[in-house]
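Residue numbers (the UniProt record's numbering), protein chains in the order written: chain A, 1 to 585; chain B, 1 to 585. We put the beta carbon where it would ideally sit given N, CA and C, even for glycine. Report on the structure given below.
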């Protein structure tokens, strides 16, 4: 037996296997995950495993290595979050999100730090040796809402898109603030005296860290998009570039002490649309699938490790400090949300309701980032107290808040996410209104979001697409995609009704897709269609659709080591059938 | 700047990126890869990079770590090879493959070892200090044909399936022999005296290593298949299990000093058919795609590292020893193939032609396995000579043989791989003949391959499928799959001819798929079909097809963190359209 030789990969594989099997286990009992969030179950599994390890070895089980967390476990989750980020609600609410993320986090850090310092002054609690700086340092790591925990809970409760993006966006973007404040206070702790210059340098650093992250991310994202222009002949390694470039953006940002989370999100959001257009459908399925898989495994491992690391002798228990930490975390977050939302609502027509505010405040979960940061603290005599307090806050937010938030959302009847995709009618109207608003903003000289969006779109189609896309003259708009989907759906409906044989040749779909909404579609015959639309316009529409939809089937060699064996893609074929049917009319 | 912190993942990512970009680079110039095999180009890139590193640092560039090679780079390639192994030709030729792999490799080891020992006795060459055991040890590592190198070259030249599987199968299965002989001679080198007991133990060990590997692999493969029975609710982590279990089988085999390559191949071949049936179509696309991607990256890295590691001061040059090694490798392989094929041909009707024999002998490429093994040798004063000889043999086989084999295949007009998939007619006939031959073997009391295949198939459908498949009563035979494909093809043809509107409702495809071959299909109308086939039979066929093809569309929740967002699978939809059309008749 030669265990030493294979130990590292063997143990990593076994941990991942355990995590995956635990996940399968929960889903076999359908009732459990519908009551308790998966994150709680996973922490629970971790606690049990930690208990077993502790019981057997009689020493503390290994704690999650902060390096492993930040270098290997966190990036997949953030990449997944960035890649699947719904960009429209995100950019529509970017101001509010930034306000919560930056001002809100700073508010929480100082609020928690100062009030805990106040508690430390009470002689009965025996905490007078904890300085203000240490309290602020602790505040800086405990204040930040954790994206992993938020994602794990919010994706299961299906609140409306705006609410989701507000909490989730905040949890992602506050990383820049956390990085800056944490490093600032940590270096202050080691400095003999603090000059006011240092404080100003800290404020300046915040912009560098945040904007630097965005810049690094966008650079790598554009490079990734550019690279996928040339992968036509080796489809098989296409997905690789998506992962490699985003990971490099994260590592590069970390290397320069910028915000890695912000970088990887900028990279993913920047490259998504170009990469999607350049790579093959199967490659894209692989990218999406693998991203989901990877982030799912990462987050499972994080919660299990969180559980395992909780067990042991790393803790120093001090009732008042720990209890007040939990209370201050709740109070300052609630106050922060109330105050900030008051200002936000003054400048917006579409206000944040008080129910939404409650869920935003209540959804401020803490997680593995705090946990990793507290272990990265320099050694000082109260570190174990901080570890204990952090652990309690995490467990409290994940278990108590995480488990009660779903019933609360039900109880308050918070507006849920709409289940159906927007209809063509809606899409056309939204787009139309965007153009209209951009025009109004242009005329009135107001540089609002629509103005910038319009400018960006112009820049994109004028320069970026030409450089980054392989076939830049064939952009696939969401309407064309929707048209394809409707076409398919309609064919199924006809087939189900047994009408395909009898009335297959009227292009009712073309008009129904364009003119009517999905739900109350009325079948318009050939005759009526021609009456409704100007023939020129109709021809134009058909030409656009045909050009966008048709793809020549590639006839490659039968076997090639760079491609998967056999058959051209069935989806392509299926598309073609439907498209050609229209062509043949 | 904090490079230390991110060094390990950053450098790994950069290496992979370099490798992938090099690959893209070659494919941009279409002419280059069609003349020079990719493996040569990659080694060349490696040589240049090694030269640059050597020039800049003035010390030898790092050599490929044997541990990294065996633990991380080799498994993906072997997994890919095993998973996509065409099982029918493999099992049909398993006897011949094993003969080449076992007897052939032993022949080569002893042939090369003894004749090099003979060379060492010539005083003029100054090699008298190389003992017989050391020569045999060297023979054991240099004799084995390398799967990575073989795959890289043979997949580009498209020889016929039998020839391909003979060379490729040999290169995979000889691992067991190599492991045993290499470890045997290495331990003999360290023993003071060798008893005859040790030699017999070595022979016995061979069976343990080979069969043990198969057993470990099958165990993990079946467990993997069983696990995927329960992943219905979390499709996203399905692909993970395929990778985890196969990697575990490899590591476990290595841990017990069994053949990891044999284990991972047994695992992949064993689980493939069950996993494929259990997991979703998208998961399977991801599995296939990622396997190809991973193996492609691995093999790119291997060849680049091979190039880099060649540069440096690890070599001791001795013209006679190195030249004779190359010559003996060629001669003994050619002799071995000739002698073994002579015996094989006596027992087979379908003989191996002399052209095929030449290609088998000429295709005996050496690669990174030899290279890693020679670095794993215990230190002794002639190790550098062995390293030099191994490097030269690898470069000679990869460059000279690898580059000339394609023109030779053209020149000799070796039978190529057939480009088209077998027609339904052929498939039915092959299956029919299998049953017939199994029956004949049963009656004549001969336990041949068909008898065993039949028994295995019975055991599979009687027990294994019930345990391992989620829906074991719905096996998807290749005929049904072909039917789907033809159905789609036919619909496209109709659409292209503009006939879909006019004559969409005759089920001509059903009969054309079943009765006629793909090429000379004649359209048979409803009437004719009913005349040709007994109505009962027809109904039965339709019923089978309908049950196998139809799938109820799942309507899941709109968003779930374990699934990909949106839309049910378009392939499923497209299928349904076509199937329902038939149903509605």
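With burial defined as no fewer than 16 other Cβ atoms inside 10 Å of the residue's Cβ, what is the status of residue i: buried or exposed?
i	result
residue 187 of chain A	exposed
residue 87 of chain A	exposed
residue 318 of chain A	buried
residue 511 of chain B	Residue confidence is low: residue 511 of chain B scores 37 on pLDDT, short of 50, so the model does not pin down where it sits. Its coordinate-derived value is still stated next. Label assigned to residue 511 of chain B: buried.
residue 433 of chain B	exposed
residue 436 of chain A	exposed
residue 128 of chain A	exposed
residue 357 of chain A	buried
residue 62 of chain B	exposed
residue 161 of chain B	buried
residue 321 of chain A	buried
To the nearest angstrom, report how far apart residue i and residue j are at their CA atoms.
i	j	result
residue 13 of chain A	residue 248 of chain B	7 Å
residue 92 of chain A	residue 281 of chain A	29 Å
residue 168 of chain A	residue 74 of chain B	41 Å
residue 311 of chain B	residue 54 of chain B	7 Å
residue 2 of chain B	residue 257 of chain A	7 Å
residue 251 of chain B	residue 237 of chain B	21 Å
residue 6 of chain A	residue 71 of chain B	7 Å
residue 323 of chain B	residue 131 of chain B	18 Å
residue 516 of chain A	residue 218 of chain A	Unreliable positioning characterises residue 516 of chain A in this predicted model, as indicated by a pLDDT of 36, which lies under 50. A coordinate reading is not provided.
residue 547 of chain B	residue 138 of chain B	With a pLDDT of 48 at residue 547 of chain B, under the threshold of 50, the modelled position of this residue cannot be trusted, and the question is left open.
residue 396 of chain B	residue 337 of chain B	20 Å
residue 361 of chain B	residue 82 of chain B	23 Å
residue 619 of chain B	residue 265 of chain B	Only positions 1 to 585 of chain B appear in the structure, and residue 619 of chain B is not among them; the question remains open.
residue 203 of chain A	residue 144 of chain A	18 Å
residue 440 of chain A	residue 285 of chain A	40 Å
residue 90 of chain A	residue 431 of chain A	17 Å
Just the chain A side, please: which residues come within less than 7 Å of residue i by C-beta, in chain order?
i	result
residue 23 of chain B	234 and 237
residue 159 of chain B	The contacting residues do not exist; residue 159 of chain B stays about 11 Å from chain A at best.
Can you list the residues of chain B that residue i reaches, using a CB-CB cut of under 8 Å?
i	result
residue 254 of chain A	2, 5 and 6
residue 282 of chain A	285 and 289
What does residue i touch in chain B if you count any residue whose Cβ is under 7 Å from its own?
i	result
residue 105 of chain A	Correct list: empty, because the minimum Cβ distance to chain B is about 23 Å.
residue 180 of chain A	Neighbours of residue 180 of chain A on chain B: none; closest Cβ ~15 Å, over 7 Å.
residue 230 of chain A	24 and 28
Go through its chain and collect everything with a Cβ distance to residue i's Cβ below 7 Å, but skip five positions before and after it.
i	result
residue 45 of chain A	22, 304 and 307
residue 402 of chain A	37, 39, 40, 153 and 365
residue 299 of chain B	77, 148 and 152
residue 133 of chain A	185, 188 and 189
residue 341 of chain A	352 and 357
Go through its chain and collect everything with a Cβ distance to residue i's Cβ below 8 Å, but skip five positions before and after it.
i	result
residue 158 of chain B	416 and 417
residue 467 of chain A	226
residue 194 of chain B	188
By Cβ distance below 6 Å, which residues in the same chain neighbour residue i in space, the five residues on each side in sequence not counted?
i	result
residue 181 of chain B	109 and 140
residue 66 of chain B	372, 375 and 376
Would you mind stating whether residue i and residue j have Cβ atoms separated by less than 9 Å?
i	j	result
residue 79 of chain B	residue 295 of chain B	yes
residue 170 of chain A	residue 104 of chain A	yes
residue 107 of chain A	residue 452 of chain A	no
residue 239 of chain B	residue 293 of chain A	yes
residue 146 of chain B	residue 367 of chain B	yes
residue 243 of chain A	residue 287 of chain A	yes
residue 213 of chain B	residue 275 of chain B	no
residue 271 of chain A	residue 224 of chain A	yes
residue 413 of chain B	residue 455 of chain B	no
residue 259 of chain A	residue 199 of chain A	no
Who are the neighbours of residue i on chain A, taking C-beta pairs under 9 Å?
i	result
residue 248 of chain B	10, 13, 14 and 17
I want to verify the contact list: residues of chain B whose CB lies under 9 Å from the CB of residue i, in sequence order.
i	result
residue 87 of chain A	Neighbours of residue 87 of chain A on chain B: none; closest Cβ ~13 Å, over 9 Å.
residue 297 of chain A	237 and 240
Is there a C-beta anywhere in chain D that falls below 9 Å from the one on residue i?
i	result
residue 183 of chain A	Although the question refers to chain D, the structure presented lacks it and instead comprises the protein chains A and B.
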